[in-house]
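**Student:** Under UniProt numbering, the sequence shown is numbered contiguously, ending at residue 141.
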Amino acid sequence: MHIYVKDIMQTEVTTVPSTSTVEQCETVMLNTHRPCVPVIDEQGDCVGVLSHSDILRVRNARKDVSITSVQEIMSRNIISVGPRSSVDNTMQLMLDNGIHHILVITEKKVCGIVSVIDIIQIDKARTYNPFAEPEPHATAH
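1. Quick check: what's the CA-CA separation for Ile55 versus Cys46?
2. What first and last residue would you give for the beta strand (DSSP E) that runs through His101?
3. Please determine, among Ser85, Ser69 and Asp7, the residue with the shortest C-alpha to C-alpha distance to His22.
4. Should Leu50 go down as buried or exposed, given a rule of 16 or more other Cβ atoms within 10 Å for buried?
5. Nearest-angstrom Cα distance between Ser80 and Met74?
6. I need the DSSP call for Ser53, collapsed to helix, strand or coil.
7. Does DSSP put Thr32 in a helix, in a strand, or in coil?
8. Can you name the start and end residues of the beta strand (DSSP E) that Ile113 belongs to?
9. Using the Cβ count rule (16 or more neighbours within 10 Å means buried), how would you classify Glu26?
10. I'd like to know whether the C-beta atoms of Asp90 and Val114 end up nearer to each other than 8 Å.
11. Could you check which residue in Lys108, Gly82, His101 and Ile99 has the C-alpha nearest to that of Val5?
12. With distances taken from CA atoms, which of His101, Ile40, Met29 and Thr11 is nearest His52?
13. Identify every residue that forms a DSSP beta bridge with Gly48.
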């Protein structure tokens with residue numbers, strides 16, 4: 001049985017406008033406890049992703065977060081999947097790219113997000129079934 005991203009994705013996704021400053025974005029991330037946020041343009045299309053790591057790099061470089069634009073530092077290489085992508089393929093894509101969250105995008109709009117934890121939970125549920133019949137033991141004849 002295939003499990004699809006649409007079955008496990010979180011649909012309440014916090015986004016930030018591309019016109020935001022790093023400081024504004026950081027406040028949103030801290031208030032919502034999000035390790036990364038999609039960046040959207042005026043039409044609501046996803047144009048990038050900003051993570052805690054991106055913000056740390058800005059702070060480490062001693063740039064002023066109150067005037068540094070999200071557009072300057074966001075990752076424009078958006079790694080995403082569609083809602084009908086399989087969880088197995090999504091997990092492999094995340095492993096291949098060393099990411100812990102992946103955006104679910106339809107027609108340039110963010111419709112969800114999947115985390116490693118979401119996948120671990122579903123994978124655990126697939127491999128552990130307390131109601132399954134025990135395997136018969138082999139007997140020697």
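Backbone N, C-alpha and C fix where the C-beta goes; we use that ideal spot for every residue, glycine too.
**Tutor:** Checking against the coordinates, here is how it stands:
1. A straight line joining the alpha-carbon of Ile55 with that of Cys46 spans about 19 Å.
2. Per DSSP, His101 belongs to the beta strand (DSSP E) from His101 to Thr106.
3. Note that residue 22 is Val in the sequence shown here, rather than His. If we check each option's Cα against that of Val22, Ser69 comes out closest.
4. That one is buried.
5. So the two alpha carbons sit approximately 15 Å from each other.
6. In this structure, DSSP gives Ser53 a helical state, which the three-state scheme calls helix.
7. Residue state, collapsed to three classes: helix.
8. Where Ile113 is concerned, the enclosing beta strand (DSSP E) starts and stops at Lys109 to Ser115.
9. Buried, because 16 or more other Cβ atoms sit within 10 Å of the Cβ of Glu26.
10. One detail in the question is off: residue 90 reads as Thr in this sequence, not Asp. Cβ atoms of Thr90 and Val114: closer than 8 Å.
11. When each option's Cα is compared against that of Val5, the closest is Gly82.
12. Nearest to His52 by C-alpha distance, out of His101, Ile40, Met29 and Thr11, is Met29.
13. In the DSSP assignment, the residues bridged to Gly48 are Val39.
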